[in-house]
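The structure under discussion appears below in the form of structure tokens.
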Amino acid sequence: MRLREIFNIRTVAAILVICTLNVTNTVTFARVQDSTISSTTAAIDTAAKAGSIDLVPSSAPLISTAVDTVARYANMQPIVETKDYSESYKVATYYVLMFLLLCVFIAIIGKILKVHEISREMQGLKAAFNGRRIQGVFLGIFLLFGLYGVYWSYAVQGPMSLHESASEHGLDIDFMFNTTLVITTIVFILTHIALFGFSFQYRGSENRKAYFFPHNNSLERIWTIVPAIVLTVLVLLGFFTWRGITNVSAEDQKKAINIEVTGEQFKWSLRYAGFDNQIGNRNYKLTTPTNGLGIDFKDQKSWDDKLTSEIVIPVNKAVRIVINSKDVLHSFYLPDFRVQMNAVPGMPTTFQFTPRLTTAQMREKRNNPAYDYVLLCAKICGAGHYNMQAKVTVVSEAEYAAWLAKQPLYYNDDVKRELQLVENSKTEEINKMALNKNNTIK
Amino acid sequence: MASTAIHDAVVSHQHDDHGHDHGHHKETFITKYIFSQDHKMIAKQFLITGIAMAVVAMILSILFRLQLAWPDESFPLLETFLGEKWAEGGRIKPDFYLAIVTIHGTMMVFFVLTAGLSGTFSNLLIPLQLGARDMASPFLNMISYWLFFLSCVIMMGSFFVESGPASSGWTVYPPLSALPKAISGSGTGMTLWLISMVLFVASALIGALNYISTILNMRTKGMDMWKMPLTIWAFFLTAIVGVLSFPVLVSAVVLLIFDRSFGTSFYLSDIVVAGQVLPNQGGSPVLWQHLFWFLGHPEVYIVIMPALGITSEVIATNSRKPIFGYHAMVYSLIGITVLSFIVWGHHMFVTGMNPFLGGVFMITTLIIAVPSAVKTFNYLATIWRGNLRFTPAMLFAIGLVSFFISGGLTGIFLGNAALDINLHDTYFVVAHFHLVMGCAAIFGMLCGVYHWYPKLFGRMMDERLGYLHFWATFIGAYLVFFPMHFMGIDGVPRRYYAFTEFAFMQEWLTVNVFITWAAIISAIAQIAFLWNFFYSIYYGKKSPQNPWESNTLEWTAPVEHLHGNWPGEIPSVHRWPYDYSKPGHHTDFIPQTTPFSETMSSNLIHDFEGNPEAEHIQQQWDKEHAPERYTPEQV
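First to last, the sequence lines map onto chains E and A. When we follow the numbering used here, the leftmost residue of the first sequence carries the number 721, and every step to the right adds one. When we follow the numbering used here, the leftmost residue of the second sequence carries the number 28, and every step to the right adds one.
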């Protein structure tokens, strides 16, 4: 029983009020605090008046400990002198005390309810507060607030998140999305009305007996078959949309502009295929500081490959992205274009899409002159994952051609020099080996 | 029958025991509370360990929510508690942010919602609801708990290694999880994670085999499979899923250990990390994903099915109505069990897996929505025209149904490969799985705790605090996860340390603050639960024999725990567990142990299907008592 004595409500409340006052003197919440305290004291008074709770005189050591704690916090300032955190400790203490006060407040309400109930019981009356029954009412109220909340979210956050797709296949995806959204929202609303509505309507009573209804085959058949049909429609729609996006014919693949994207911690490297529209081979073992992507320059297709720092693509022209990774998994994600594909080391992946809105058009549509398309990494890849981005710009075809012409080649002088060096050292080595051989023969 | 023989043997053994007035056991503190082999004590051990892990994981979630809400502000207290290494100047570092996200996920999914939920309630309820003295193998049961405990300790221990805990997400995708150079958490922390997982899988497997053998072999007289409560069906099928899928995780983990420590290339290929060209070639990171999700997807059903079983029982009891469509409920569970094994690919639509496979997995995934829909509608039909008693357990059960609907419906978006392109790895996914398997399963667990607390501890929890806990948690959870859907649709990826680097995410910063406050409030509400839970163990009101007027067998066992559950003979079972509010009976519940001969006034001809003699007797009785006989509207 000792535990109960220590947690005697009046004692704890008194201590808390004192401590809170102490702390608030120094923290700038004084005004808010005053009103809270007065209301709490009032509540404590009521509790005391309600009486019949056997109260034991407050335990002195507890107060002193609490005061000690406060004192210790005050003394802490010199200890952490180098970094002055005293303010934040005070704030933290303040919040902790507020929380404890809340606990006491809740405990008082609980006691009042209990006392009330006991007194009703002693007078031989039926308990006025039927805790269980009233929960049904709360569920009904929750339904109303919940429905409004859902409406509010759809109305306010919906427009914040649903934007027109900037790619052609994105329109199909958005159509699918909207279809699914309408169906699921209807189901969501109806089932929740049923769930909370029934809870409200059939909240228990002693005078009633539930309706014995163990099963009904036709009902069960209906709610197996109807979802099955709806899902079949969604599956078929989804399947063909998916195949349409991912199953690009060889002919269409040839028509597309080839761009290679390589993810590494924590940046994207870009390589445009150049005039031949063919990306040169790579071998990760060739990676050096100058040849970061390990491009195999023996492959002539790589000689015209262009190095860029951002993605610029022409509008209304198919783009085929070849996605690579140097180190860990990344994910090539363009939310505006409804494009996502993981970058897997050792396994190039692809995604083909056609932009339909230039950056300028999108800025106009979103009414935001600073808006830019952006490339994100969507697969956890390390500490810099949250900031692995590249700018994406969609322009007219003429602008694209002009821009591309200005981009430097990968096969630049530095690379050539390095290759030359490698070549030289190789021949040297061969010569050395030949010399060695000669020596040994000798 | 084999089961009867075993049963008799156990009974006679027990008679001997109690003949000696308990002196036979010689229980010490260690055998009673620590290395206990009693299923009820092991259930409590699982529950309390699970709660402890839940508290740790919840605190971690508050830490990263603080970071997300106020990315530019410093909280000096964090430096005090976490040290300069992880929270210099009171700001959580990106490395540590990923670590807490990872450990939050791992702990919640495995330790809380698998071991804490399944471990607790399978252990408590399987013997008690089936009428068995204990588990098939009490010793293995004990081993199962201690392996779980050890795996928890190792996971917690990973916070104290220098390179920090595992931080590549709870799915630990290689190569990130295989390369300490790519992230410091993939050093010793990851090794500990892998060891912890191997132990955990061993624990889960031993437990699951035990559950299956107990359910198949140790049911009391009259308890055929179709008279089992839905809880037991759910635990049974969950255990089967676990046995078939967990070993695959071990194989994946072992291969990852090889890659990390012995230079093999199962998951690694063509990697240049920190300027160094690695020799590994020919492996595939996608292989890990296949192996991981072959467990990982069934795992979410391992998490949700026991919760569904628990709520079926609680909703029926507190609606004072039979669960609607008992057979359909069982068949839909079986359907979910089977389908859960052929849908794992929906986690991998955009990982570079062959797009055709994506199409196939999409079809199987959306099929699984049908049994789930059936379950939901059956819950609604159970509540319809019931006489609902809103105990805290019942409220949590209703909360589960709500979350299951909300989270399930967003699954239809994510299961659709075409829509997944834009939603994959965004906050939409976070919202989806937190609602459907996080909140729903946690609510199932809390529902079970409130409902079976009297059985666990022989005392009652305080209902008012239960209500407070429910409302704060329920509303809080919706406020946390509902807005996340919209962030996801806008394209905000998950596991982002801060939203500050992208212009389009700026508008979600205020939403993040809102979410964090909602999370803090619902986290504080859990203190009401913890207080209620631990206080009531010592000071709660003493529980009556059958506090919820329930039909199932566990409420016939004495309130005071005793080894072997029932003094004397185990009760035998005569009817299904859902005879609530049966017309013609004077109370609104008829326990499973009541024979039909004592309830002539309420028996239906349907109750005796396939037994012409009993049907005849009943018809005879009905004729004789025609005037007082209640005529059912619908049979």
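Beta carbons are placed, not taken as given, at the ideal position from N, Cα and C, and that holds for glycine.
Within the region 1096 to 1109 of chain E, the residues whose Cβ lies closer than 8 Å to some Cβ of chain A are L1096, C1097, A1098, K1099, I1100, C1101, G1102, A1103, G1104, H1105, Y1106, N1107 and Q1109, listed in chain order. With a contact defined as Cβ atoms closer than 8 Å, A467(A) and G434(A) qualify at about 6 Å. The three-state reading of DSSP puts C179(A) in helix, counting H, G and I together. Here N1062(E) carries a strand assignment [DSSP, helix/strand/coil]. Contacts with chain E (Cβ-Cβ distance below 7 Å) from the region 220 to 231 of chain A involve no residue at all. Per the Cβ contact rule, the region 162 to 172 of chain A is not in contact with the region 192 to 199 of chain A (fewer than 3 Cβ pairs under 8 Å). Of L90(A), R118(A), S171(A) and L87(A), the smallest CA-CA separation from A70(A) is found for S171(A). At a cut-off of 8 Å between C-beta atoms, G518(A) counts as an interface residue with respect to chain E. Sequence-ordered contacts of the region 386 to 404 of chain A with chain E read G386, M389, I390, L393, I394, A396, V397, A400, V401, T403 and F404 [C-beta pairs closer than 8 Å]. Taking one beta carbon from each stretch, the region 1026 to 1033 of chain E and the region 859 to 875 of chain E have fewer than 3 pairs nearer than 8 Å; the two do not touch. Taking one beta carbon from each stretch, the region 298 to 310 of chain A and the region 332 to 342 of chain A have fewer than 3 pairs nearer than 8 Å; the two do not touch. Around the beta carbon of I502(A), 16 or more other beta carbons lie within 10 angstroms, which makes this residue buried. Judged by beta-carbon spacing, P879(E) lies beyond the 8 Å limit of N449(A), meaning their Cβ atoms are not closer than that value. Close to chain E, meaning a Cβ-Cβ distance shorter than 7 Å, are the following residues of the region 171 to 196 of chain A: S195 and G196. Taken in chain order, the members of the region 473 to 500 of chain A whose beta-carbon sits within less than 9 Å of a beta-carbon on chain E are D489, E490, R491, L492, Y494, L495, F497 and W498.
Think of a sphere of 9 Å around the beta carbon of F508(A): no beta carbon from chain E falls inside it, the nearest being about 11 Å out. Here K987(E) is bridged, per DSSP, to E984(E). Contacts with chain E at 8 Å (Cβ-Cβ) include K609(A). Only A930, Y931, F932, F933, P934, H935, N936, L939, E940, W943, T944, P947, A948, L951, L954, V955, G958, F959, T961 and W962 from the region 930 to 962 of chain E bring a Cβ to less than 8 Å from some Cβ of chain A.
For F123(A), the enclosing alpha helix (DSSP H) starts and ends at P121 to T133.
Those residues of the region 532 to 547 of chain A placed with their C-beta closer than 9 Å to a C-beta in chain E are E534, W535 and V538, ordered along the chain. Put simply, the CB of H836(E) is far from chain A, with every gap to its CB atoms at 8 Å or more.
Here the C-alpha atom of G442(A) lies approximately 6 Å from the C-alpha atom of L393(A).
For chain A, the residues of the region 1080 to 1093 of chain E that bring a beta carbon within less than 8 Å of one of its beta carbons are A1090, Y1091 and D1092, in chain order. Between the C-alpha atoms of V476(A) and V835(E) there is a straight-line separation of about 27 Å. Look at A96(A) here: in three-state DSSP terms it is helix.
The DSSP assignment places complete alpha helix (DSSP H) segments of no fewer than 4 residues inside the region 802 to 843 of chain E at 806 to 842, in order along the chain.
With the rule of 3 Cβ pairs closer than 8 Å, the region 934 to 941 of chain E counts as touching the region 344 to 361 of chain A. Burial state of D972(E) is exposed, judged by a 10 Å Cβ sphere holding fewer than 16 other Cβ atoms. The beta-carbon of S881(E) is placed less than 8 Å from the nearest beta-carbon of chain A. In this structure, R491(A) lies away from I564(A), with their beta-carbon atoms at least 8 Å apart. With a threshold of 8 Å between beta carbons, E642(A) makes no contact with chain E. C-alpha of S599(A) to C-alpha of G249(A): approximately 6 Å in a straight line. Taking C-beta separations shorter than 6 Å and ignoring five residues to either side along the sequence, the partners of G471(A) in its chain run A334, I337, T338 and L427, following chain order. In the three-state scheme derived from DSSP, where H, G and I count as helix and E and B as strand, I1031(E) is classed as strand. Listed along chain A are P510 and F513, each with a C-beta nearer than 7 Å to that of Q877(E).
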